[in-house]
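Everything in the sequence shown is counted per our numbering, starting at 117 for the first residue and increasing by one.
Notes to accompany the following structure.
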Amino acid sequence: MVKAVALTVAAMTLSSCLEKYPGDYILEEESLKSFEEAEQHLTGIYTSLMSGSLYGGLLTILPDIQCDLVYAVNGNSNNFVPLWQWNIRSTDSEIESIYAGLYVVIGRCNFYLDQVEELKKTLVDDVELEYIDYYTGEVYCARALAYSELVRLYCKAYDETIADEPESGVVLKTSYFTDQPAKRATLRESYQLILDDLAKAEELLDEDNDSYNAAYFTNAAAHAIHARVALYMQDWDSAIEESTRLIESDSFALSSVNSASPASGMSMFDYMWNYDSGYEIIWRLGYTSTSYGYSTGQSFLTFNNDYTYYYPDFVPSESVLNLYASADYRSKAYFATLQTGYSHGLAYPLLVKYYGNQDLIALNIYHVNMPKPLRLAEQYLIRAEAYCRKASPNYGAASSDLSTLRSNRFMTGGSISVNESNWQTTISEERVRELYMEGFRLHDLKRWNMGFERKPQNQSLSEGSSLKIEKGDPLFVWPIPRHEIEAPGSEIKPNESN
């Protein structure tokens with residue numbers, strides 16, 4: 117079956133959490149009365165995922181900004197600085213908007229799922245019925261992903277000893293039209309809903325539609341999320357099984373620095389970041405020249421302030437820059453020494469990973485890239501870690517996976533090995549090198565029970581540059597927005613960080 121859905125992509129400001137929808141965005145009396153309306157509603161789900169609060173912006177960069185990967189620079193515009201300083205409150209707009217944005221996605225999914233079976237009874241066209249089942253798989257995948265992000269940010273890391281603690285998970289809303297209590301489930305129940313949704317998605321999504329650069333959820337996307345969730349749940353065998361499906365799939369391949377791209381003189385790895393296209397992209401958000409999301413790279417560049425100099429709010433940590441070997445092509449693709457326009461005249465390696473899609477830059481639209489939440493590279497990292505954390509570790513297999521990934525990032529060489537004493541440090545560093553500013557670091561430190569320490573670097577903002585965060589700090593778990601706890605009828609229990 118050929119998948120063909122026109123995606124309308126727009127940046128949206130979302131301000132609702134557990135309410136059904138913000139304002140008059142969707143009227144409650146509306147329903148799925150036709151195949152076309154179901155298709156349009158699915159498009160709306162993708163649009164909500166592109167919100168500046170989610171993958172188009174905050175959800176992608178804030179978890180990394182909070183940790184040990186960047187420094188606020190003197191002259192910054194104060195965007196996200198309190199979070200970087202670990203001065204995080206339950207009333208912070210960023211914390212609220214991510215929480216709200218994820219529940220808007222969930223609400224949209226529930227609106228569809230509540231009605232799709234009744235809609236199917238009215239359809240007589242076999243092709244439409246086939247597509248409706250596929251669309252339903254996409255919706256289950258979207259809901260699973262949204263809940264996985266809520267659990268990742270607003271709950272403690274999964275551990276069997278706390279998984280059944282009352283209200284350790286998130287509020288589980290599974291119906292749009294049926295009132296459900298605003299009360300947090302257990303962590304186990306929260307993860308189980310995610311797994312159940314993924315199982316339904318995997319059943320409904322035909323793997324024949326798996327392809328790189330997909331702008332819609334596929335069977336492969338469901339398994340990619342499943343592998344990530346299994347890793348977070350410490351289910352090492354399932355993490356290996358799910359990631360292996362993707363690594364061995366004929367639909368994907370790592371974007372190599374040694375493979376030529378359609379752009380003259382550009383490798384496939386460069387092409388992935390300059391044109392948002394690559395064999396290893398399992399799922400991306402699809403932007404167009406007239407409909408695109410948040411400027412992900414704005415906080416790290418701001419070239420469009422005067423189109424002459426750069427005015428970054430944050431610059432890469434020197435400790436991160438020092439992680440890359442001279443032959444590691446990721447350092448050349450992700451960073452470039454550029455002149456800032458600040459009075460202190462800082463010239464520093466800035467993050468150019470999100471400099472912008474070249475087709476959009478040609479239209480003077482800077483720092484906008486299609487988010488790529490699911491990449492094959494992450495699957496190699498998932499499997500390598502799972503191999504190391506099994507009761508009977510397979511360090512040889514983990515070393516092979518890490519070396520395969522690195523060989524596609526090095527012109528020559530890249531081999532690396534892990535053993536009992538170095539695997540966690542090695543994989544931690546490799547996840548930083550590969551996934552820098554893609555939103556993984558906060559949860560990685562939380563689930564590894566690690567802290568970090570900052571020491572001032574050139575022209576870094578004084579308050580926050582000397583910071584030591586101990587492992588287990590309550591702010592590794594974001595506070596539940598205050599208005600959710602205080603809303604009429606709410607039974608939501610706050611986090612320790614509230």
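All residues carry an ideal CB built from backbone N, CA and C; glycine is no exception.
Computed from a predicted structure; not experimentally measured.
As a quick exercise: from Tyr228, Ser411, Tyr250 and His339, pick the residue whose alpha carbon is nearest that of threonine 290.
The residue labelled residue 290 in the question sits at position 174 within the sequence shown. Nearest of Tyr228, Ser411, Tyr250 and His339 to threonine 290, Cα basis: Tyr228.
Mapping DSSP to helix, strand and coil, what is phenylalanine 151?
On the sequence shown, position 35 is the one that residue 151 refers to. Of the three classes helix, strand and coil, the one that applies to phenylalanine 151 here is helix, per DSSP.
Can you say whether lysine 237 is buried or exposed, counting buried as having 16 or more other CB atoms within 10 angstroms of its CB?
In the sequence shown, counting from the first residue as 1, residue 237 sits at position 121. Exposed: under 16 other Cβ atoms inside 10 Å.
Have a look at Lys571, Gly461, Ala500 and Leu497 and flag the residue whose alpha-carbon is nearest the alpha-carbon of tyrosine 426.
Taking the sequence shown and counting its residues from 1, the one referred to as residue 426 is at position 310. Ranking the options by Cα distance to tyrosine 426, first place goes to Gly461.
Three-way DSSP call (helix, strand, coil) for alanine 449 in this model
Here residue 449 refers to the residue found at position 333 of the sequence shown. Residue state, collapsed to three classes: helix.
How big is the Cα-Cα spacing for valine 287 and aspartate 313?
By one-based count along the sequence shown, residue 287 stands at place 171. By one-based count along the sequence shown, residue 313 stands at place 197. Looking at the two C-alpha atoms, the distance is approximately 16 Å.
With 16 as the cutoff for other CB atoms within 10 Å, does serine 537 come out buried or exposed?
Walking along the sequence shown from the start, residue 537 turns up at place 421. Around the beta carbon of serine 537, a 10 Å sphere encloses fewer than 16 other beta carbons of the protein chains shown; the residue is thus reported as exposed.
For the beta strand (DSSP E) that contains glutamine 584, what are its first and last residues?
As a working note, residue 584 is residue 468 in the sequence shown. The sequence shown places lysine at residue 584, rather than the glutamine named in the question. 583 to 585 is the extent of the beta strand (DSSP E) around lysine 584.
Leaving out five residues before and five after alanine 452 in sequence, what residues of the same chain have Cβ atoms less than 8 Å from its Cβ?
Counting from 1 along the sequence shown, the entry for residue 452 is found at position 336. Taken in chain order, the residues that qualify are Pro465, Leu466 and Val468.
Find the nearest neighbour of valine 267 within the set Leu577, Ile601, Ser578 and His559, judged by alpha-carbon distance.
The count along the sequence shown starts at 1 and reaches residue 267 at position 151. When each option's Cα is compared against that of valine 267, the closest is His559.
Does any heavy atom of the ligand ZN sit closer than 7 Å to the C-beta of tyrosine 162?
The ligand ZN is not part of this structure, which contains no ligands at all.
Which complete beta strand (DSSP E) runs does the stretch 382 to 406 hold, if anything under 3 residues is left out?
The stretch 382 to 406 is shown to contain whole beta strand (DSSP E) runs of 3 or more residues at 397 to 399, in chain order.
DSSP-derived helix/strand/coil call for asparagine 611:
Start at 1 with the first residue of the sequence shown, and residue 611 comes out as number 495. Secondary structure at asparagine 611: coil, using DSSP grouped into helix, strand and coil.
What did DSSP end up calling serine 516 once you bin it into helix, strand or coil?
The residue you call residue 516 lines up with position 400 of the sequence shown. When secondary structure is reduced to three states using DSSP, serine 516 falls in the helix class.
Which first and last residues belong to the alpha helix (DSSP H) in which valine 186 is found?
Locating residue 186 in the sequence shown gives position 70, counting from the first residue. If you look at valine 186, you'll find it isn't in any alpha helix (DSSP H); it sits in the beta strand (DSSP E) that goes 186 to 188.
What is the rounded straight-line gap between the Cα of alanine 188 and the Cα of isoleucine 585?
Your numbering for residue 188 matches position 72 in the sequence shown. Your numbering for residue 585 matches position 469 in the sequence shown. Distance from the CA atom of alanine 188 to the CA atom of isoleucine 585, rounded to whole angstroms, is 17 Å.
Proline 198 lies in the beta strand (DSSP E); which residues open and close that run?
Working through the sequence shown from its first residue, we reach residue 198 at position 82. Run containing proline 198: none in the beta strand (DSSP E); it sits in the alpha helix (DSSP H), 197 to 200.
Starting from glutamate 254, trace the alpha helix (DSSP H) both ways and give me its first and last residue.
Position 138 of the sequence shown, counted from the start, is the residue given in the question as residue 254. Taken as a continuous stretch (DSSP letters only), the alpha helix (DSSP H) holding glutamate 254 covers 242 to 270.
Just checking my contact of phenylalanine 568 with aspartate 184 at CB under 8 Å: how many whole Å lie between their CB atoms?
Within the sequence shown, the letter at position 452 stands for residue 568. Within the sequence shown, the letter at position 68 stands for residue 184. Taking a contact as a CB-CB distance under 8 Å, the pair phenylalanine 568 and aspartate 184 counts as one, their CB atoms being some 4 Å apart.
Any chain B beta carbon closer than 8 Å to serine 284:
Annotation note: the requested chain B is absent from the structure, which comprises a single protein chain.
Opposing strand residues paired with serine 576 [DSSP bridges]
Taking the first residue of the sequence shown as 1, we reach residue 576 at position 460. Paired residues: Val189.
Helix, strand or coil for tyrosine 328 per DSSP?
Position 212 of the sequence shown, counting from 1, holds the residue named residue 328. Looking at tyrosine 328 - three-state DSSP - the assignment turns out to be coil, as it is neither helix nor strand.
Of all the alpha helix (DSSP H) runs that stay within the bounds of the stretch 458 to 493, which reach a length of 4 or more residues?
Listed in chain order, the complete alpha helix (DSSP H) runs (minimum 4 residues) inside the stretch 458 to 493 are 474 to 477.
Three or more C-beta pairs closer than 8 Å, one from the stretch 525 to 541 and one from the stretch 503 to 516: is that the case here?
Judged by Cβ distances under 8 Å, the stretch 525 to 541 makes contact with the stretch 503 to 516, as three or more pairs qualify.
Please name the residue in Ser167, Thr277 and Gly191 whose C-alpha comes closest to that of proline 429.
By 1-based counting over the sequence shown, the position of residue 429 is 313. Sequence check: residue 429 is aspartate here, not proline. That would be Gly191, whose Cα lies nearest to the Cα of aspartate 429.
Between isoleucine 363 and tyrosine 503, what straight-line distance do the alpha-carbon atoms span, to the nearest angstrom?
Taking the first residue of the sequence shown as position 1, residue 363 is located at position 247. Taking the first residue of the sequence shown as position 1, residue 503 is located at position 387. Answer to the nearest angstrom: the Cα atoms are 14 Å apart.
C-alpha gap between leucine 309 and alanine 260, whole angstroms
Counting from one through the sequence shown, the residue named residue 309 turns up at place 193. Counting from one through the sequence shown, the residue named residue 260 turns up at place 144. If you take the alpha carbons of leucine 309 and alanine 260, they lie about 8 Å apart.
In whole angstroms, what is the alpha-carbon distance linking aspartate 444 and alanine 493?
Numbered from 1 along the sequence shown, position 328 holds the residue referred to as residue 444. Numbered from 1 along the sequence shown, position 377 holds the residue referred to as residue 493. C-alpha separation (whole angstroms): 15 Å.
Going by the beta-carbon positions, is the gap between leucine 401 and leucine 165 smaller than 8 Å?
Taking the sequence shown and counting its residues from 1, one reaches residue 401 at position 285. Taking the sequence shown and counting its residues from 1, one reaches residue 165 at position 49. Yes, these two residues count as a Cβ contact at 8 Å.
Does glutamate 272 pass the burial test, meaning 16 or more other C-beta atoms within 10 Å, or should it be called exposed?
For the purposes of this step, residue 272 is taken as residue 156 along the sequence shown, with counting starting at 1. It should be pointed out that residue 272 corresponds to lysine in this sequence rather than to glutamate. It counts as buried.
Once the 5 residues before and after tyrosine 410 are set aside, which same chain residues still bring their CB inside 7 Å of it?
Residue 410 sits at position 294 when you count from the first residue of the sequence shown. If we look at tyrosine 410 and ignore the five residues flanking it on each side, its Cβ neighbours are Ala127, Gly168, Gly172 and Gly173.
Among the residues of its own chain, which have a CB less than 7 Å from the CB of glutamate 546, if the five just before and after it don't count?
Taking the sequence shown and counting its residues from 1, one reaches residue 546 at position 430. Here the set comprises Leu497 and Leu518.
CB of isoleucine 211 within 8 Å of CB of isoleucine 222, strictly:
Residue mapping note: residue 211 aligns to position 95 of the sequence shown, counting from 1. Residue mapping note: residue 222 aligns to position 106 of the sequence shown, counting from 1. No; because the gap between Cβ atoms is not below 8 Å, this pair is not in contact.
Between which residues of its own chain and leucine 583 is the CB-CB distance below 6 Å, once the five residues before and five after are set aside?
Residue 583 sits at position 467 when you count from the first residue of the sequence shown. These residues qualify, in order along the chain: Arg570.
Taking the beta carbon of asparagine 485 as the centre, do at least 16 other beta carbons fall within 10 Å, making it buried, or is it exposed?
For the purposes of this step, residue 485 is identified with residue 369 of the sequence shown, where counting begins at 1. Buried.
Tyrosine 141, DSSP secondary structure in three states:
Translated into positions along the sequence shown, residue 141 becomes position 25. Residue placement at tyrosine 141 is flagged as unreliable, the pLDDT there being 45, under the threshold of 50; a coordinate-derived value is accordingly withheld.
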